[in-house]
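Scroll down for the structure; my scribbles are underneath it.
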Amino acid sequence: PDQQYQNYVKLYQKTYGENTDLPTETTSCWCLLDDDFEYEHRQFFINATAGIAMNISSNAFSDFITELGSTFFGTLFEHCSSCPLWIRNDGIIRVTPPEGGD
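Residue 96 in my numbering is what sits at position 90 of the sequence shown, and the numbering runs on without skipping anything.
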């Protein structure tokens, strides 16, 4: 891992300048707070620059996967979390969290 890191630093400095430090790392972590069987939660963490996304929806969690996390250099690419959706078993879609059997 140390050699990979050194290679990354060299490539970064070649791209952004010899006296440029790496940006501060950013860590994000998601966990499922409520396992609601009436709704499925759908949401993604998006790396827009690379055109990829990480599934942080309720179906990504299980008894063995209780947290999803990512550490990255956030200033190196455009990123965001998608708008969360809650899909009820009968197909009704909400953009706000369901409350009290809503």
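We put the beta carbon where it would ideally sit given N, CA and C, even for glycine. Since this is a predicted model, take the numbers as computed values, not measurements.
Checklist entry - Taking the alpha carbon of LEU39 as the point to measure from, which residue in LYS20, LEU74, ASN53 has its own alpha carbon closest? => result LEU74
Item to check | Alpha-carbon spacing of ASP42 relative to ASN61, whole angstroms | outcome: 18 Å
Item to check | Candidates THR102, ASN95, GLN19, VAL101: closest to TYR45 by CA position | outcome: ASN95
Checklist entry - Apart from the five residues on each side of it in sequence, which residues of its chain come closer than 6 Å, Cβ to Cβ, to TRP36? => result ILE62, LEU74
Checklist entry - Is the distance from the Cβ of GLY80 to the Cβ of THR32 below 8 Å? => result yes
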